[in-house]
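Below is one structure, written out as structure tokens, with a few remarks after it.
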Ligand code: BGC
């Protein structure tokens, strides 16, 4: 028997057939085009699932359930996406719509909650009791597993750590509040800060890195140019690490988990990211001289975390 994992992102939707050990048999990705009616998106998810099953020669009867991870507040009891600041959805009955089309039980969760469950069951969190996963992408997502259970909060709307306040620059967040953690430490924020530093420093190596085209600036630009000795890039990284480090210290002090796992594309930086963050945390964590610190590690499931995580929640819910 297999599970389907669906990872809804602002740009792409990824679907995959996953076995009970967390292996992806086959996956498929298509553009979200989030401004269209959500019914069209659900239909496309259904088509993608049908295609995957046909390609693999797997019958629908061999699928136990579908798991979906979506940004925003997702009521996991009803499968309704109540609000998503990223894809601008309100009260979308994703779970029941997909069940109607596929005839399969569907479990819908917040994307970062799904990724946390995936990492806990099959990835970097395996074997730990309490973990906090911080996903760094368009926004910042949070997933908290305590004693093997997701800490979802009322209406499953908790663990929105990207919307805890940090810094005092008055940065406007897509949720309408100012100075949310994600306005300082998401990949979007890193790119914004990098572009600003490039405009302020016409001689920076960062311009060569993007071949003179600021639109090609990505999450890597400042990291790679800082490694090559560019001082403007290094300043961006120092500031980015400071804010991400502050957010991590807040999470460490609230939950004191066994481990903090970072997910998202920026994790490709490996120790260039985790080493300075660990230094920041060790300096700032509560009772630093009396208790062991909390280790910061990167997620193991990489780009597939969303699909595997969504399927993991399907497995977790369906088999309880
Ligand atoms: C949303 C979260 C989501 C995160 C990552 C945030 O902006 O509010 O619900 O988990 O982005 O996608």
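Numbering (this note's numbering), first residue to last: 250 to 569. Glycine is no exception: its CB is placed at the ideal position from the N, C-alpha and C atoms.
Residue burial annotation: residue 306 is exposed, with fewer than 16 other C-beta atoms found within 10 angstroms of its C-beta.
The alpha-carbon separation between residue 394 and residue 434 amounts to approximately 22 Å.
By DSSP's assignment, residue 359 forms a beta bridge with 319. In this structure, residue 409 sits near residue 391, with a CB-CB distance shorter than 8 Å. Contact between the region 489-496 and the region 347-364 is absent: fewer than three C-beta pairs spanning the two stretches fall below 8 Å. Within its own chain, the residues whose Cβ lies closer than 6 Å to the Cβ of residue 511, once the five positions on either side in sequence are excluded, are 383 and 547, listed in chain order.
Ranking 402, 493 and 568 by CA distance to the CA of residue 322 puts 402 first.
Residue 544 is bridged by DSSP to 508. With respect to residue 428, residue 417 sits close: the two C-beta atoms are nearer than 8 Å. DSSP places residue 524 in the helix class (H, G or I) of the three-state scheme. By the Cβ criterion, the region 337-352 is not in contact with the region 530-549, since fewer than three pairs of Cβ atoms, one from each stretch, lie closer than 8 Å.
Excluding its 5 nearest sequence neighbours in each direction, residue 468 has C-beta neighbours in its own chain below 7 Å: 436, 439, 440, 514 and 515, listed in chain order. Burial state of residue 493 is buried, judged by a 10 Å Cβ sphere holding 16 or more other Cβ atoms.
Here the alpha carbon of residue 397 sits roughly 7 Å from the alpha carbon of residue 379.
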